[in-house]
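Trainee: Using our numbering, read the sequence shown as starting at 1036 and increasing by one per residue. We treat Cβ as the ideally placed atom computed from N, Cα and C, and that holds for glycine.
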Amino acid sequence: TDTDNPPNEVTYTVTELPTNGQLILDGAAVAVNGTFTQANINAGLLTYQNTAGGDENSDNFTFTVSDGEGGEIAATSFDITVNQPAPPPPPPPGVINGTDGDDNLDGTPDGDIINGLEGNDNISGLGGRDILRGNEGNDRIEGNLGNDRLIGGDDDDTLIGGIGNDDIRGQNGDDSLIGGRGSDIIIGGNGADILEGRPGRDRLNGGPGSDTMTGGASRDLFIFNTNAEFSTDIGIDTIVDFTPGQDLILLDRRTFTTLTAIENGITASEFEVVTTDADAATSDALITYNSTTGGLFYNQNGSATGFGNGSQFALLENTPALEAADFRVR
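1. Is Thr1038 buried or exposed, if buried means 16 or more other CB atoms sit within 10 Å of its CB?
2. Do you know offhand how far Arg1168's Cα is from Gly1187's?
3. For the pair the segment 1242-1255 and the segment 1308-1326, tell me if three or more CB-CB distances fall below 8 angstroms.
4. Do you know offhand how far Ile1301's Cα is from Leu1239's?
5. Keeping to the same chain, check which residues put their C-beta closer than 7 angstroms to that of Asp1183; ignore five residues upstream and five downstream.
6. Can you list, in chain order, the residues of its chain whose CB lies under 6 angstroms from that of Thr1082, leaving out five sequence neighbours each side?
7. To the nearest angstrom, how far is it from the Cα of Gly1345 to the Cα of Leu1321?
8. Going by C-alpha distance, which of Ser1326, Val1364, Ile1274 and Pro1053 is nearest Leu1294?
9. Have a look at Asn1068, Gln1073 and Gln1084 and flag the residue whose alpha-carbon is nearest the alpha-carbon of Asn1055.
10. Measuring CA to CA, which of Gly1136, Ile1158, Pro1122 and Thr1354 is closest to Val1130?
11. Could you give the C-beta distance for Asp1219 and Phe1259, rounded to a whole number, given that I count them as a contact under 8 angstroms?
12. Can you give the Cα-Cα distance for Arg1289 and Ser1266, rounded to whole angstroms?
13. DSSP three-state call for Glu1264: helix, strand or coil?
14. Could you tell me which of Leu1140, Asp1061, Arg1236 and Gly1244 sits nearest to Leu1256, measuring between CA atoms?
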């Protein structure tokens, strides 16, 4: 043929088809006496598809070539090397997925990611730094050893951190969230949750809803933060075992917007201990504590009638002798 001819004038005619596959031109199979041009090849429109399966790694077909001006090449065989497609990549090491039913999912001694998906699942992380998600259903999740992250999801879940510094989050539902040995972060979410820190310096945040929080041994931090301005439907959280001088109550300024932060708590004028709820509502202080009942209030409007945009937000079950130094504001 004349190599000066443009690609669209160089035409190939198939005289014998491949044995183990077929030629595909722009999505359609090429038959005997079918044609394609050099322009088709240059544009990537001609492909070969193995149809025999197995491990066949070679094939060939026969064709003639013409240039549109009388030039021609007699029948010629073209050899094809077949590269088997690479197998799909395996899932990342340590990823275990459940089903839509009730699953029992165990991790390994290494760091695993376990997703329960739907159903009422039992998930155990064993060793390593695990990420354990219950997703939907009433799930039971145990981190066991390692610094784990446990996430409940929807419905009523039980999350147990075990040994290590764990991050435990209930999300939706009425959840039971238990830390274990170590310094844990425990966050409730929507619903009436039960939070237990147990041994170690824990950070407990019930989130929306009326929750019950127990710090356990060591110095614990009870956090009140809704990531929004205080609302009277915030709920009333119960703190079971607050120890003055050891534990702290952290009030977030995004929620308690009228408070002033100082180095060692809130200012003395912003906190007052009273003996009735009526006194709590008319005090000049912004945070008032009824030492008779253990009720803790945000008195947003000070000495004006009522609590303004505030209300009771906590109940200290053991009625400890609170002081301004037992609070932090951030």
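Mentor: A quick look at the data gives this:
1. Mapped onto the sequence shown, residue 1038 falls at position 3. Confidence at Thr1038 is low in this model, with a pLDDT of 48, below 50, so its placement is unreliable and the value that follows should be read with caution. Note on Thr1038: under 16 other CB atoms within 10 angstroms of its CB, so exposed under the neighbour-count rule.
2. Position 133 of the sequence shown holds residue 1168. Position 152 of the sequence shown holds residue 1187. As the crow flies, the alpha-carbon of Arg1168 is around 6 angstroms from that of Gly1187.
3. Below 8 angstroms, too few C-beta pairs join the segment 1242-1255 and the segment 1308-1326 to call them touching: fewer than three.
4. What you label residue 1301 is simply residue 266 of the sequence shown in a count that begins at 1. What you label residue 1239 is simply residue 204 of the sequence shown in a count that begins at 1. When only Cα atoms are considered, Ile1301 and Leu1239 end up about 20 angstroms apart.
5. If you number the sequence shown from 1, residue 1183 lands on position 148. Excluding five sequence positions before and after Asp1183, the CB atoms of its chain that fall closer than 7 angstroms to its own CB belong to Gly1160, Arg1164, Asp1165, Leu1167, Gly1196, Gly1199 and Asp1201, given in chain order.
6. Numbered from its first residue, the sequence shown carries residue 1082 at position 47. So the list reads Ile1059, once near-sequence residues are dropped.
7. Indexing the sequence shown from 1 puts residue 1345 at position 310. Indexing the sequence shown from 1 puts residue 1321 at position 286. The alpha-carbon atoms of Gly1345 and Leu1321 are separated by roughly 9 angstroms.
8. Taking the sequence shown and counting its residues from 1, one reaches residue 1294 at position 259. It is Val1364 whose Cα lies nearest to the Cα of Leu1294.
9. Numbered from its first residue, the sequence shown carries residue 1055 at position 20. The option with the nearest alpha carbon to Asn1055 is Gln1084.
10. If you number the sequence shown from 1, residue 1130 lands on position 95. Nearest C-alpha to Val1130: Ile1158.
11. On the sequence shown, position 184 is the one that residue 1219 refers to. On the sequence shown, position 224 is the one that residue 1259 refers to. Between Phe1259 and Asp1219 the Cβ distance is about 18 angstroms, and since that is not below 8 angstroms, they are no contact.
12. Walking along the sequence shown from the start, residue 1289 turns up at place 254. Walking along the sequence shown from the start, residue 1266 turns up at place 231. When rounded, the separation of the alpha-carbon atoms in Arg1289 and Ser1266 is 11 angstroms.
13. As a working mapping, residue 1264 is identified with position 229 in the sequence shown. Coil, per DSSP.
14. Residue 1256 sits at position 221 when you count from the first residue of the sequence shown. That would be Arg1236, whose Cα lies nearest to the Cα of Leu1256.
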